[in-house]
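In our numbering, the protein residues as written are 752 to 1205.
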């Protein structure tokens, strides 16, 4: 069966430059007029997503939202593990996957089988981008690395997300967001400080999301767009348009560490944890209210804002030359923080927010997801979308899931076009129409376990 799929370079060129069409039914609850897929910024770009879980797929979600045709390759029968993570819906699939997989096409290929590898190579010929987040070396072991696939498509952009990057002494280590956040320095500054030394006391606090994965996904999407732009110049100068975009979760988190590295470089200062405040800026903190477990963040760190804040809470005694600038206030941090906390603790969150708004002092109530979903500003901005999940084969069945709207917001209609698809939902569309495989060949691939699903 080694001759089943042959794809001479001449054919690959013809397939490679055809315009991508979007033949998938739109499942968005909102109508689409000027925001059709063909008019979106990345329309005509085909992305082959080989990633699983969060980091790679989050990049794919962003690219797909802005018009790229994202073909998600999943293991036959089981699919992306994220399909069954956390809460499961009535069909046994995680609503989280319906969100992260939105605007993508799902096909199934067993990458460990020779025929599966041949399918990926053929798809690489007609794709612009490969997006993957396997452990470094995995695709090379399967004969699907950049050097292998550039032989078929020299213009292919290879976006690779891993824990520690494709090179260096740690590159072969597996890296989840949690461990990469730890080794980026991020976790050290998130906790409670020793009152005497300022060092971390006890285990650091972890955000209850996979922050490192999403941050790496943002970097991967940005890097992919940059590579697509660079491709134009490379082609203009007679060079192959393809290149590798190397994204590390650890380095993506380091990229968020603002002044920490230069401060250490020039002053030898090791910034430690700061609880609910931030080192070297006063006042900015989460302050208690009269309601249990209800806090309001107040940012009074600007000089004029600070004066308005102190006046609003009746503490004009803490306004004047000794409190005029931030370095003055840092030296008197405890006195200022105690004064604000004493005032907020006697009031409800609503009362605190009302006074802060009237005084033009930045504030924000600590909200949970229920608060967020009911928030008038979130609703007014359309930052939560209702997307339909259909029962395949029955237009009248299905359910809706609400998902966060993708940002940034551009002019036009950028509604989600369809929810994360069922496993293998687009097998026939991609294999038969896009790749030109016959129905008999597809049936044979199914029988051999190379593909599964519809």
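Think of the CB as a built atom: it goes at the ideal place given N, C-alpha and C, for glycine as much as any other residue.
As the structure is a prediction and not an experimental result, all values here were calculated from the model.
Taking only three categories from DSSP, how would you classify residue i?
i	result
residue 1037	strand
residue 932	helix
residue 799	strand
residue 997	strand
residue 1045	coil
residue 881	strand
residue 772	Any answer about residue 772 is weak, because its pLDDT of 31 lies below 50 and its placement is not dependable; what the coordinates show is given next. Reduced to three states, the DSSP call for residue 772 is coil.
residue 944	strand
residue 1069	helix
residue 1201	coil
residue 1183	helix
residue 1050	strand
residue 781	Low per-residue confidence applies at residue 781: pLDDT is 32, beneath 50, and the placement is therefore not dependable enough to give any value.
For the alpha helix (DSSP H) holding residue i, just list the boundary residues, first then last.
i	result
residue 1062	1054 to 1063
residue 855	First-last for residue 855: 855 to 859, but that is the beta strand (DSSP E), not the alpha helix (DSSP H).
residue 1196	1190 to 1198
residue 1080	1077 to 1082
Going by other Cβ atoms of all chains shown within 10 Å of its Cβ, with 16 needed for buried, is residue i buried or exposed?
i	result
residue 1235	An answer regarding residue 1235 cannot be provided, because it is not within the stretch 752 to 1205 covered by the chain.
residue 1000	buried
residue 980	exposed
residue 932	buried
residue 1015	exposed
residue 977	exposed
residue 841	exposed
residue 857	buried
residue 1171	buried
residue 1124	exposed
residue 837	exposed
residue 816	buried
residue 1107	buried
residue 1166	buried
residue 879	buried
residue 821	buried
residue 938	buried
residue 918	exposed
residue 1143	exposed
residue 1177	buried
residue 1072	exposed
residue 1186	buried
residue 1013	exposed
residue 800	buried
residue 928	buried
residue 1091	buried
residue 1157	buried
residue 1022	buried
Should residue i be flagged as near chain D, meaning a C-beta pair shorter than 8 Å?
i	result
residue 1174	No chain D appears in the structure shown, which is made up of a single protein chain.
Less than 7 Å separating the Cβ of residue i from some heavy atom of the ligand ATP?
i	result
residue 949	Although the ligand ATP was asked about, the structure shown includes no ligands whatsoever.
As an exercise, report each continuous beta strand (DSSP E) stretch of at least 3 residues that is fully enclosed by the region 1089 to 1165, in chain order. Listed in chain order, they are 1114 to 1116, 1135 to 1142, 1145 to 1155.
Return the chain-ordered ranges of every beta strand (DSSP E) run that is complete within the region 809 to 875 and spans a minimum of 3 residues. Counting whole runs of 3 or more residues, the region 809 to 875 contains the beta strand (DSSP E) stretches 820 to 825, 855 to 859.
Threshold first: 3 residues or longer. Then list the beta strand (DSSP E) segments lying entirely within the region 962 to 1037, N to C. For the beta strand (DSSP E) assignment, the uninterrupted runs of no fewer than 3 residues enclosed by the region 962 to 1037 are, from N- to C-terminal side, 995 to 999.
What are the complete beta strand (DSSP E) segments, minimum 3 residues, inside the region 887 to 937? Counting only runs of 3 or more, we get 908 to 913.
Examine the Cβ distances between the region 1062 to 1079 and the region 992 to 1008 and report whether three or more of them are shorter than 8 Å. No, because fewer than three Cβ pairs between the region 1062 to 1079 and the region 992 to 1008 fall closer than 8 Å, the two stretches do not touch.
Does the region 844 to 855 come into contact with the region 816 to 831, if we say contact requires no fewer than three beta-carbon pairs (one atom in each stretch) closer than 8 Å? Using a C-beta cut-off of 8 Å, the region 844 to 855 makes contact with the region 816 to 831, since at least three inter-stretch Cβ pairs fall below that distance.
Taking three-plus beta-carbon pairs below 8 Å as touching, is the region 1069 to 1082 in contact with the region 1030 to 1039? Yes: the two stretches touch, three or more of their Cβ pairs being nearer than 8 Å.
Contact between the region 985 to 999 and the region 1043 to 1051 (3+ Cβ pairs under 8 Å): Taking 8 Å as the limit for Cβ pairs, the verdict is that the region 1043 to 1051 does not touch the region 985 to 999.
Taking one C-beta from the region 938 to 946 and one from the region 872 to 889 each time, how about it: are there three or more such pairs within less than 8 Å? As far as the Cβ criterion goes, the region 938 to 946 does not touch the region 872 to 889, which means the pair count is below three.
contact_flag[the region 1097 to 1104, the region 1122 to 1138] where n(CB pairs < 8 Å) is 3 or more: Result no; under three Cβ-Cβ pairs closer than 8 Å.
Give a yes or no on contact between the region 1179 to 1195 and the region 1161 to 1171, applying the rule of three or more CB pairs nearer than 8 Å. No, the region 1179 to 1195 is not in contact with the region 1161 to 1171.
How do the region 887 to 903 and the region 965 to 976 stand: do at least 3 beta-carbon pairs fall below 8 Å, yes or no? In this structure the region 887 to 903 does not lie against the region 965 to 976, because fewer than three pairs of beta carbons, one per stretch, are closer than 8 Å.
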